[in-house]
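Asker: For what it's worth, numbering that gives the first Met the number 0 labels the leading residue of the sequence shown as 0, then goes sequentially.
Sharing a structure, written as structure tokens. Questions coming.
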Amino acid sequence: MKVLSILSVLLMIGCCLSYQTTIKHRISYKSQLFMSTINKPLNLPTTFIECSRQAAEVSRKAISNGEKLLEVEFPPLPLEYLEDSSSSARDISDANTRWALEFARVLSDLGNITIIYPDQAELDDAIKYVDLPGSTNPYPNVTLATIRADSIKNAMSLDQIFTSIFGATLGGTVVSIPNTKIYVAVISSAQELPDLEKLHLLEPEIPIVFFNLKLEFQRSDFGLPLFPSRDLHYRFLSKIKPAFLMRSRSFSTTLRRPPFVLNYSGLLFRNYPEKYQCILNTGNGKNKLCKLFDKRPTSAEFRDSLIEGLDMPGYPKDELKTRGLELWWEKDVAKELYSNW
């Protein structure tokens, strides 16, 4: 049975957002993330627009403290829609463009904020979606661009043309965008993350915000055929500081006696420079702060923190706890060049 949580029981209207031709009506400023408001001490935003603006302000703090690589993650659309098999990748990409624009506008007083796309095709789709005067400059100090040059058009040999056709990781050129103060990277896949590393090497002093790239999910593919090696995490992704995280998870545990199956869910929340909060959904629109971590908890630590908050009379906590669920990037810490992540 599908778990109903504070993060998954969403306003039905949010799942039926009107996708018109203009950005102003594509996703409402007041679209609700949750059915109920969150307890004040948790400092959780309750709408998408609040997520974007809060993420921008904590990113400002992190950048002022010298951080150059930042992670921002929150659901760009209601979770009921994201978890639906009929959900459209195009709608998700458009939503990320929408919230990246709001994020960039909040920071535009710092200078030109460039929202970067992995290739020209994605950039063209974003421009079509935004549909505002100015094309690639829809707002003051906000630019839409791609860091990948047209590798086929600029190819100097047959080999370069061949490698350009078969993917960004094999060919093409990464270029910086002049006068950029902050890059906001959206939509990039695991195969395109090496381009962001190249950009960082080109301009190491210009901050890059990894905006809703789901890095936790991307890491899981590293080392597989046609994907980057795990070394990309060790040398680069481990350097990225989580500035704003709002990541929900649902779990199921098998018991030896009734109810036999225990379903529960929670949220890992981080608002830089605060601690990581493990928040349990206790049902009926309520939640409980279970534990705080100075460093991002592993998957097992997060799950066990939620279990500590469960009220299950007659079931020892140790019986419910998980064992051996750490992921490879959580175990291989000795290989990492940095510990920011």
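Glycine included, C-beta positions come from ideal geometry on N, C-alpha and C.
Values in this document were obtained by computation on a predicted structure and should not be read as measured data.
Cα separation between K285 and Y314?
Answerer: Taking the straight line from one Cα to the other gives about 22 Å.
Asker: Taking the alpha helix (DSSP H) that L308 falls in, what are its first and last residues?
Answerer: One point to set straight first is that residue 308 is Gly, not Leu, in the sequence displayed. Taken as a continuous stretch (DSSP letters only), the alpha helix (DSSP H) holding G308 covers S298 to G308.
Asker: Which residue wins for smallest C-alpha separation from E300, given the options E79, P272 and G265?
Answerer: Minimum Cα distance to E300 is reached at G265.
Asker: Rounding to the nearest angstrom, what Cα-Cα distance links F216 and N140 in this structure?
Answerer: Looking at the two C-alpha atoms, the distance is approximately 31 Å.
Asker: Where does Y28 sit, in a helix, a strand or coil, going by DSSP?
Answerer: In this predicted model, Y28 has a pLDDT of only 40, less than 50, meaning its place in the structure is not dependable enough to derive any value.
Asker: With contact counted as at least three CB pairs below 8 Å, one residue from each stretch, are the region 184-204 and the region 225-234 in contact?
Answerer: Segments in contact, yes.
Asker: When you compare each of S87, W98 and L326 to S219 by their alpha carbons, which one comes out closest?
Answerer: The candidate whose alpha carbon is nearest that of S219 is L326.
Asker: Please identify the residue among I176, Y337 and L100 whose C-alpha is closest to the C-alpha of L201.
Answerer: Among I176, Y337 and L100, the Cα nearest to that of L201 belongs to I176.
Asker: According to the neighbour-count rule (16 or more other Cβ atoms, all chains shown, within 10 Å of its Cβ), is N42 buried or exposed?
Answerer: Classification of N42: exposed, given that the 10 Å Cβ count is below 16.
Asker: Can you list, in chain order, the residues of its chain whose CB lies under 7 Å from that of N136, leaving out five sequence neighbours each side?
Answerer: Once the five neighbours on either side are set aside, the close Cβ partners of N136 are T142.
Asker: With DSSP as the reference, label V129 as helix, strand or coil.
Answerer: Correct three-state label for V129: helix.
Asker: Throw me the rounded Cβ distance for the F73 and F243 pair, which I believe falls under 8 Å.
Answerer: Yes, F73 and F243 are in contact; Cβ-Cβ is about 7 Å, under 8 Å.
Asker: Who are the near neighbours of L131 in its chain, counting only those whose CB is closer than 6 Å to its CB and skipping five residues on each side?
Answerer: So the qualifying residues of the chain are P137.
Asker: Determine, using beta carbons only, whether P227 and L69 come nearer to each other than 8 Å.
Answerer: Taking 8 Å as the Cβ cut-off, P227 and L69 do not qualify as a contacting pair.
Asker: Which residues bound the alpha helix (DSSP H) around P241?
Answerer: Here P241 belongs to no alpha helix (DSSP H); instead the beta strand (DSSP E) covers K240 to T253.
Asker: Check the DSSP bridge columns for L69 and list the partner residues they point to.
Answerer: L69 is bridged to V208 and K240.
Asker: Distance, Cα to Cα, W328 vs G282?
Answerer: Answer to the nearest angstrom: the Cα atoms are 32 Å apart.
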